[in-house]
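Just so you know, numbering that gives the first Met the number 0 puts 535 at position 536 of the sequence shown, and the rest follows in order with no gaps.
Idealized CB from N, CA, C, for every residue including glycine.
Heads up, the thing below is written out as C-alpha cells.
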Amino acid sequence: MLCPCRTATIRIHALSLSDGHEMMNGPATIAATVNGEGVDSLEDGTLRFDALQQIQRPGLALANGSVYVGFGSHGDGGLWHGWLLAYDVSNLQRQTAVLNTSPDGYGASIWQSGRAPAIDRDGNLYVATGNGDVDGMRNFGESVLKLSGSDLSIQEVYTPDDWRSLNDTDWDVGSTGVILLPGTNEALLGGKSGNLYLVDGWMTDQSGPAGNSGITGLQVSANEMFDFAAWETTGGATVYVLEPWNSLKALQVVNGQVDPNPLSEFTPAAASLYAGIAVSANGDAQGSGIVWVTTGNYDVSGVPGTLHALDASDLSVELWNSDMVPDRDTLGWFAKFVSPMVVNGRVYVATFSNALVIYGLLNGSQPDEGVPQITSVVSGASYLGGAVAPGEVVAIFGSNLGPPQSAGAQLDSDGNVNTYLDETQVFFDGVSAPLLYVSSTQIVAVVPFGVAGPSTQVVVLENGEVSNQITAPVAAATPALFSADGTGGDQGAILNQDGTANSFVAPATPGSIVSLYSTGIGQTNPAGLDAQIASDSDPAMPLLPVSVSIANLPAEVVRAGPAPGIVEGIFQIQVRVPEAVPIGIDYIVLRVGQYSSPSTVWVYIQ
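Shown next, in the form of C-alpha cells:
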C-alpha cells in the first residue's frame, strides 16, 4: 500500500478468506537492511530497503513455512535493487531471511513479469534478475539464482556469456521468471532479448559455494518475452511462448535442447505485446491439455481483452474464447503481467476493470438470452464499488445492457444529455439518468441529483427488456478523481495552469494552479440539474466542504464547481500546488465533508 506522499510504506497482510480480517499477527511493514557499498548505501556501510524505489511485481511464494516477497524497480528509474524477503507464515512480524541481489552496486531487479519464484522438491527457490551490476561475488544482474529456502543464501548462479550486451540494451534475462520442468533437473527462463534459456543439472543434491557458469540462449522470438508456460508429458516437455505482435508457438524440449521448429502455432486475431499463459491438464495424459492465453492491448482503456482456450497438442485448434458469447463471457480490460490461474475446474483472470473474472463449466439455469443483467454498479472514476451519491458518474457492468455497437453521449434538442440512447435507459428509483456511454456490457450514467438515501433501486431498460433490480446504498458524497487513462489510478486527468495536460513531459510547478476532475461530490447549491451542460458562469457550489491534499500537504482550493462544458455531476477542482511539495510523483486525496477519495491518482511536479 502506497501512501500519498514522497515516502512510501509497503505492508504484507494475511487475510481471512471468510471475512477479510487480519490474521497471522499481520499486517507487517516491509523493511530490511543489508551490508553493502552501493551508490545509495549509508555512511555506516549498510543498504536499506526503500519502498519508494521498489515495486512488488513478482507473485508471492509460499513454502518452507515462509512467505517470500520479491521486489524490482519502477522501470529503470532511480536507484533500485532486487530484493527477496521471507516472513514466518504463522507470525508476519518475524522476518526470517533477506536477499539483496546488488548490495555493492545497483540494479538486478527481481520482477519476472509477475511470476512468483519457482520452488523445487527440496524447498530451494529460483529467481531471475534484470539489468544491473555483475561481479559474480555479491552483485548478480542478468542472472538466474538458486537460493536456499531457509536463509536465501545463494547456492548457484548462472549468467549468460553476453550479459554485458544484454545490460547495454536493457534486455533483462529475468523477464519471464523461471519454470522447473517436472521429472527433470532442467529449468527454463526467457529474456527480453527473445532468447529462451535451458539450464540443466540444477535440481541435484550438490552443495557448496555459489559458482558462475555461462549459459547461452536460443533465439525463439524476434521481440521481447514476458511470459511462457510448459507442459511435461511422457513424450517430453513442450514450451509455449508468445512472440509479441505475432504467434503463440509450441516448442519441444528434446534431449536437453529446445527445438526451434514449432510443433504448432496460434495467431490471435488482435496482436498483443503482452500475454498471460497457463496450462491445465490431467497430469501428463495426452489429449487433456489446454493452453489458456489472455491477449489484448493494455494501452487502450475500455477495450476488453480476450481469454483463449487452445488444444495444448495443437495450438491451431481453438476450443473456446471469451468473445464467442461476449454478453456472457467478456473478460474486461486486459491487464499485463497477469497469467490465468486454473484451480478446481475454474479459470481465474485478474483485469484492469478492477474485477477478478472467473470461468467454469455452465450448469443449471441461465439468464434468458437477450434479457439485460446488472452485475455491479461502481464509481465511474475510481471503478470501486460501494455507495452512490447524487450526481455521481457511475459505471454499470453486466450483460445485454445495451447495443452490440457501443455509443457515446448525445444531446437533445435543448442541448442536454439524452437519457435515452440506442434504445437503452437507466432508472434510479424510477428516474431516468443521463447516459454518457452504452454498450452490451457497460453503461456510464449520471445518478440523478434527486436520489436520496438510504438506498436506491437501479434498473436497465434495453430494447423493451427490463433487467434485474440492483439495490445501491446512497451516501451524501463518494468523491473520486478521474485518471488520465480511465482505469481509476496512476496519472490523474489534470490540467496545468497553462492548459496543458499534466504528465512527465508537462509537469506542474510548486505554487501553480492545477485543475482536477472529479465526481461523487454530492448535492450542490443551487441544486444540480440532471443532464444539463455546465457553463463557465455556473453558480452551483458543493453543499459539503471540499479540501485537497497533495503529497499529504494541504492544497489551497481556488474553485470547486461543475466542470465547464461538461455534464453536471463532473466537477472541476482548481487547487494551488503547495510550495513545499516534493518533486516527482505526488498522490492526491480529495475530501468532501467526511468522505475521502482513494489515494490512487497522482500529479507530476517538477
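Beta-carbon gap between residue i and residue j smaller than 7 Å
i	j	result
F481	A492	yes
E141	W162	yes
A249	L146	no
S352	A277	no
A479	L543	no
G564	T518	no
L420	L434	yes
G113	R56	yes
G390	Q372	no
A50	T95	no
L589	S596	yes
V545	V556	yes
F448	D326	no
Member of the options whose CA lies at the smallest distance from the CA of residue i
i	options	result
A408	L589, S514, I442, G384	I442
S65	L91, I395, D49, L41	L91
D413	R56, Q531, P433	Q531
G275	E555, L197, Q404, L306	L306
V576	R590, Q496, V545	Q496
G429	N415, V450, A280	V450
V393	D49, V473, A236, G369	V473
L83	G74, A115, E231, S89	A115
D489	G81, V600, V341	V600
A539	V513, S548, S546, Q571	Q571
V416	P403, G344, A432, G401	A432
P181	G81, T237, S598, L165	T237
T232	S271, Q285, A386	Q285
S174	R120, V240, T183, V446	V240
S312	T294, D119, A280, R558	A280
N123	L361, A60, P525	A60
L494	I604, G76, G592	I604
G76	Q52, A96, A406, I357	Q52
D134	A526, L151, D150, P159	P159
L151	N166, V126, G131	V126
DSSP three-state assignment for residue i, whether helix, strand or coil
i	result
P403	coil
L420	strand
W82	strand
M202	Here the model assigns M202 a pLDDT of 44, short of 50, so the residue's position is not dependable, and the following value carries that caveat. Reduced to three states, the DSSP call for M202 is coil.
D313	strand
R114	coil
N99	strand
L306	strand
N281	coil
R163	helix
P371	coil
D39	coil
P447	coil
P325	helix
I587	strand
S381	coil
I569	strand
P538	coil
V120	In the sequence as displayed, the identity of residue 120 is Arg instead of Val. Note: R120 maps to coil in three-state DSSP.
F265	strand
F426	strand
W230	strand
Q468	coil
G564	coil
Q409	coil
Y157	strand
Q605	coil
E21	strand
S364	Per-residue confidence for S364 stands at a pLDDT of 48, beneath the threshold of 50, marking its modelled position as unreliable; the derived number appears in the next sentence. Residue state, collapsed to three classes: coil.
V513	strand
S220	coil
F48	coil
Beta bridge counterpart(s) of residue i as assigned by DSSP
i	result
R671	The displayed coordinates of the chain run from 0 to 605. Any statement about residue 671 would go beyond what the structure contains.
K335	The partner list for K335 (beta bridge, DSSP) is empty, contrary to what the question assumes.
R10	T28
Y67	A60, A85
I178	L187
M136	None, per the DSSP bridge assignment.
D489	V600
G275	T293
Can you find at least 3 beta carbon pairs, one from the segment 183-195 and one from the segment 218-226, that sit closer than 8 Å?
Taking a contact to require three or more Cβ pairs closer than 8 Å, the segment 183-195 and the segment 218-226 qualify as touching.
Counting beta carbon pairs with one atom in the segment 251-261 and one in the segment 322-338, are three or more of them shorter than 8 Å?
The segment 322-338 vs the segment 251-261: no contact.
Is it true that the segment 30-44 meets the segment 92-101, where meeting means three or more beta-carbon pairs spaced less than 8 Å apart?
Flag = yes, the segment 30-44 and the segment 92-101 touch.
Segment contact flag, the segment 507-518 with the segment 372-385, C-beta cutoff 8 Å, min 3 pairs
Yes: the two stretches touch, three or more of their Cβ pairs being nearer than 8 Å.
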